[in-house]
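Number of protein chains: 4
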Amino acid sequence: MSAAEGGTIPATMRALRKAAAGPGASLEEIPVPVPALGEVLVKVEAASICGTDLHIHRWDSWAENRIRNVPMTFGHEVAGRVVALGPEVHQLETGAFVAAETHLFCGHCGMCRTGRAHICENLRILGVDVDGAFADYLTLPAANAWVVDPRIPTDVASIQEPFGNAVHTAFPAGTDPDLTGSTVVVLGCGPIGLFVVGIARAAGAAQVVAVEPNEFRLDLAKRMGADVLVNPSAADPVQAVLAATRGRGAEVVLEMSGIPAVIDQGTRMLRHGGRLSLLGLPTERVSLDLTDQVIFKEARIFGVTGRELFRTWEQTTTFLATGMVDAGPVITHRFPLDRYEEGFDAVASGRSGKVVLVP
Amino acid sequence: MSAAEGGTIPATMRALRKAAAGPGASLEEIPVPVPALGEVLVKVEAASICGTDLHIHRWDSWAENRIRNVPMTFGHEVAGRVVALGPEVHQLETGAFVAAETHLFCGHCGMCRTGRAHICENLRILGVDVDGAFADYLTLPAANAWVVDPRIPTDVASIQEPFGNAVHTAFPAGTDPDLTGSTVVVLGCGPIGLFVVGIARAAGAAQVVAVEPNEFRLDLAKRMGADVLVNPSAADPVQAVLAATRGRGAEVVLEMSGIPAVIDQGTRMLRHGGRLSLLGLPTERVSLDLTDQVIFKEARIFGVTGRELFRTWEQTTTFLATGMVDAGPVITHRFPLDRYEEGFDAVASGRSGKVVLVP
Amino acid sequence: MSAAEGGTIPATMRALRKAAAGPGASLEEIPVPVPALGEVLVKVEAASICGTDLHIHRWDSWAENRIRNVPMTFGHEVAGRVVALGPEVHQLETGAFVAAETHLFCGHCGMCRTGRAHICENLRILGVDVDGAFADYLTLPAANAWVVDPRIPTDVASIQEPFGNAVHTAFPAGTDPDLTGSTVVVLGCGPIGLFVVGIARAAGAAQVVAVEPNEFRLDLAKRMGADVLVNPSAADPVQAVLAATRGRGAEVVLEMSGIPAVIDQGTRMLRHGGRLSLLGLPTERVSLDLTDQVIFKEARIFGVTGRELFRTWEQTTTFLATGMVDAGPVITHRFPLDRYEEGFDAVASGRSGKVVLVP
Amino acid sequence: MSAAEGGTIPATMRALRKAAAGPGASLEEIPVPVPALGEVLVKVEAASICGTDLHIHRWDSWAENRIRNVPMTFGHEVAGRVVALGPEVHQLETGAFVAAETHLFCGHCGMCRTGRAHICENLRILGVDVDGAFADYLTLPAANAWVVDPRIPTDVASIQEPFGNAVHTAFPAGTDPDLTGSTVVVLGCGPIGLFVVGIARAAGAAQVVAVEPNEFRLDLAKRMGADVLVNPSAADPVQAVLAATRGRGAEVVLEMSGIPAVIDQGTRMLRHGGRLSLLGLPTERVSLDLTDQVIFKEARIFGVTGRELFRTWEQTTTFLATGMVDAGPVITHRFPLDRYEEGFDAVASGRSGKVVLVP
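This is the structure we're talking about:
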């Protein structure tokens, strides 16, 4: 490990650990990890909470099936400063302020060799498959460290990973420029949905329709630039979209909820020739009316995951650094790391956007 | 009506009629229709039987829900000679040998005005919504008459419509050139599936995998150029495709069966980043594992219907007129129109490819 | 001719005529034309002046080579009310307020049959090949009449045709969504260049660079949303673009000037992988450094002309009717038709944007 | 350096050296290079001669301007066996049989980070900027070593690099599937042109037109699958293409000659909406009629260089390993390394396809 810049690296650190398979987590003192070949050691400055972290904390069935190694440190949306370099790191220097691309790719499968490392056939996820970011320090492959544009503030830096999900959902490879001038529907206004409302607005959507049952989030959607707000408890979203489009349907639907019935609605509000991008992850099978809603309409359904490496990060930087999208309203809470329980409670409360933990 | 070329048009003609809502059909003598404004009168030289015609003949639940006007003449895959012009027809002359594009479009909806008339928002189908082609004559909008390349023989001319379905499924708008050099799987080898085997072969697929339970059709798939034949009664198609691709999956899957379980298999045999085109029409909802098979793989699903007007017809002409694809092996039976029952039996038997009726 | 709505159609009208091959034009009293089969008669409410009209007025070498029939009425950017229908017009009614698509297409060539009628192989242009719009009335094929969105005011309605050129240059078929988040350079800020500045701004360009030697127009470019203004008399545009992009070059360059040296500059300011769209028409051959500026950079050059029928008109309607782009600042002058000389002088002065003539 | 497999690595080797700025080259005995960090040492088994090598040998003005460091070893189309690994090489083992991707990329510029390393902003070329392949051994970054499919024979393995140029010209990113069913013209039938004739044939071109003044090469083009042969000494290529397309022009033109007048012809033989890909490198500026041949036609011009990393190599493997394209007829000569002068003479003679040197 190279000498750190501006200070000594301690021997131990705090880390939020899942000690065993089961609910809960605890802040423990563990050794600061040593960056292996090709890795850097990052001193965490901000780490935001993802829905995935809540699953791991609660240890629901998803977590039970997915998490293979405990004990482990979780958290993956993170920005911090490089304080040490492992062997064979050449492009990065200590002192660099970086955010983490959380898809750890093998580099040699067919996807990695053809520019699609984000869907690597041997993919591992930071904070899920390897120790993550709710800690004072974490190690990260240098190839996964994205140098943050200096115009982006620290807590916004940590949300670039989910913001990149939003960017990638809006602009998957292989679409024509279909946001500009279109009706764009966002199904589900958690943080990623809120981000994509802002992105669609910045990209010149003719109108952005936000669908979300939680009024707190719906209000945030309005602040991010949504033109039409639909609370599905009060109005049928399909009818609302048809009404907003003179009966034609929306050119673009961006699905963030992962709820099967909502995905089905997504197909039914699509215009002929429209595009439905799926980012939200259903936990059960989804039943669709393919004949009438997909085939006869010639709809296109795009599965979307992660971020394109690193086209999406360049786009994300442009949106956030130039002020085209102000992610500020979405970041509703900040807590020190040791008050992590309050952070999880805030996420679970439904009265929050993004919650950031600061070590 | 203008004067016909080469002979008198009789007052009456034979037409295969669905007399009432219910099974069966009968060959009746009815007046020769008069071409209305913008229409032409076509003397039928070959009309092939589509699966849809079998549904109408049997009067199954699909037909019961879909067919609104009886009595009616059915049949829609047709080629014949223009023998008279209705008012306001300027681009066609009597004597022209034409095939029918069966999607009758309104010409003024948002789809029609943006080059997507085949998914017209006010679409009507020849032989389903208006009188069709199992007759001595039919009327057709001049805009739906495609002049047949003289290198294409008469019975092949009549199958250009389903062949065009195959072309359009292979090359939907908005894909990169993904057939050449790829593993292409065809699910279901009815006539359209058989055509698309030949098209994928001609387009330089690295290998074409044909999946079909009917051995007669599987043999035809081999004759059309399939490299790998999978009978799902004997082998799991998903495992067979994985085996043929060193575990990676297929870049392109073309779904022609409309069977929900097969569509589900289609998603499971797709490679990361792969494309699934859906042409077969499921009669019930389809349950999919979107998370693992579509989202994490970043698969793309394209609904496909009809033919692009008239890009697909140009492509179809090229494939058939240059000999790039020999559709001959698929045309297994020919009957005179009055032996239509034998024709329907041949289609139903499973020991047939395309069956052509000749008046 | 059907009965006109709301008033009698007079027997004669004023029309700005090119009486003979040579400079100048005169307002003459000629018979009101009678709409032929498939045509409508339009009472002109606003007709704006295009650079082409100036060429015809001056009778420069372009006009001498291009205009085949004199006497003729010129002018083609027009909006007005349908007052009579010729035979066989079914989709339009008298009273409709329409703008003219000026590319008159044959409807049956390979381009027309595959959704590219704007590059019809037998194209004729309104006001160039057939009598045009600087008159009280004009006839127009009904298929070329676009019903104007009621939110668009009359004089803006007449500039939809050049605005559509700008839209089509920004979004030609076959590009990825490359404006949003990119550096977009506009070379030449005549009216179409000014429109495209507004369009790139609305589509979320990271920065719009406007290059124009005329300070009056450069000021208009600023009002339309340009972030960086470059007067090539004062600064080298290539260096200016490199400076604005940290030496990388622009992702998108939209060429509106038609000046060979400027087109060459356009290639030299492109980033690797960038896109150069050419709308401006050079009157002589253009010499390019293809090896270093196109091939090694893998630049893409798109020729662009007219507007896609009618995808571009839908996009144009969205931009103008929703207020995404305010074309108002570009319309700098309005004159009654009989003061047409003042109109041409205003266009020639260089101290104008768009000049509209009102009968 | 790790221990070599199957034999001792000698201290010195033969290498074809450009000793000083000026014509000629000499086979010298120099030390075997030592693979640096991230590099491998490859024992050459076949190295084919590129036109670039002829330029370097002759020391023409291109070479004089381009080659910065002498003495140097040239040659870059190469296949051989990995016999030693430098530090930090993890994906490759000694014994692997590899071909060289000759574009040495930096890995951290904007192009490299967005999947376009072949147009890296800091690109260096093997055998041009660093020592190359006409030698017994060469060093190569492990990231540039492509493991050869075992079905591909040794000398074909060495021509995968120029074959990849042909593949990339045929299928640049961002085109629709435009080869299948199209008229494809190949301008210039040197080895890359000959390869692309075979590729267009395999991809289902409706017809392949080969234009080449050298009858020996024209005959090879026929063997590779060209349907129409045009010797521009005998017939005007533009007229020949128009004649072969009923006056319409070709959908796709692939320019391999780099001759300005031929590039101009390429634009004039394009159909409306057609695509011209430029791979041949003109040594002077090229004058084009952009207005009539590019803008009014809405032609698209794509600059093409190198190979997409590594999408093109996967496609190349498929074409060559499956037998879809037989590159055999193009490889006309084989010489031992020490008879290199005969090799260069054969290339210069015009009576050769590809010439392979074998150490």
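Residue numbers (our numbering), protein chains in the order written: chain A, 124 to 482; chain B, 124 to 482; chain C, 124 to 482; chain D, 124 to 482.
We put the CB at the ideal spot given by N, CA and C, even for glycine.
Nearest candidate by alpha-carbon position, reference residue i, set the options
i: L460 of chain B; options: B:V201, B:V193, B:F294; result: B:V201
i: P295 of chain C; options: C:F433, C:G466, C:T445; result: C:F433
i: G218 of chain B; options: B:K166, B:A366, B:I424, B:E431; result: B:K166
i: H178 of chain D; options: D:V481, D:L227, D:P146; result: D:P146
i: F442 of chain D; options: D:R274, D:I153, D:A240; result: D:R274
i: R369 of chain C; options: C:L393, C:L164, C:T135; result: C:L393
i: G372 of chain A; options: A:E151, A:S356, A:T390; result: A:T390
i: E168 of chain B; options: B:F458, B:H226, B:V157; result: B:F458
i: G473 of chain D; options: D:D387, D:R346, D:H395, D:F339; result: D:F339
i: T455 of chain B; options: B:R239, B:P194, B:D468, B:F228; result: B:D468
i: R191 of chain A; options: A:T225, A:D252, A:L341; result: A:D252
i: H213 of chain A; options: A:T225, A:G238, A:A265; result: A:A265
i: K345 of chain A; options: A:V309, A:F228, A:L215; result: A:V309
Residue i and residue j closer than 7 Å at C-beta
i: Q496 of chain C; j: A349 of chain C; result: Any answer about residue 496 of chain C is impossible in this case: the structure gives chain C only from 124 up to 482.
i: L249 of chain D; j: H199 of chain D; result: yes
i: V453 of chain D; j: P314 of chain D; result: yes
i: R324 of chain D; j: V334 of chain D; result: no
i: A450 of chain C; j: V279 of chain C; result: yes
i: P154 of chain C; j: T175 of chain C; result: no
i: D254 of chain A; j: T292 of chain A; result: no
i: P300 of chain A; j: P360 of chain C; result: no
i: T298 of chain C; j: E374 of chain C; result: no
i: G327 of chain D; j: G287 of chain B; result: no
i: A170 of chain B; j: A240 of chain B; result: no
i: E421 of chain A; j: G396 of chain A; result: yes
Exposure label - residue i; buried when at least 16 CB within 10 Å
i: S149 of chain D; result: exposed
i: T303 of chain B; result: buried
i: A138 of chain B; result: buried
i: T131 of chain D; result: exposed
i: E407 of chain A; result: exposed
i: S356 of chain B; result: exposed
i: P285 of chain D; result: buried
Three or more C-beta pairs below 8 Å linking the region 363-382 of chain B and the region 400-407 of chain B: yes
For the pair the region 309-324 of chain D and the region 208-223 of chain D, tell me if three or more CB-CB distances fall below 8 Å. no
Kindly confirm or deny that the region 406-415 of chain B and the region 409-427 of chain A touch, where touching means at least three C-beta pairs closer than 8 Å. yes
Chain-ordered residues of the region 437-466 of chain B with a beta carbon less than 7 Å from chain D: Q438, T441, F442, T445, M447
Given 8 Å, three or more beta-carbon pairs between the region 263-283 of chain C and the region 418-437 of chain D: no
Please list, in chain order, the residues of the region 209-223 of chain A that have any C-beta partner in chain D closer than 7 Å. E211, Q214
Along the region 301-316 of chain A, what residues have a CB closer than 9 Å to any CB found in chain C? D301, L302, T303, G304, S305
Residues from the region 420-437 of chain A in contact with chain D, defined by Cβ distance under 7 Å: F433, R434, E437
Near-chain A residues of the region 226-238 of chain D (beta-carbon distance less than 8 Å), N- to C-terminal order: G230, H231, G233, R236, T237, G238
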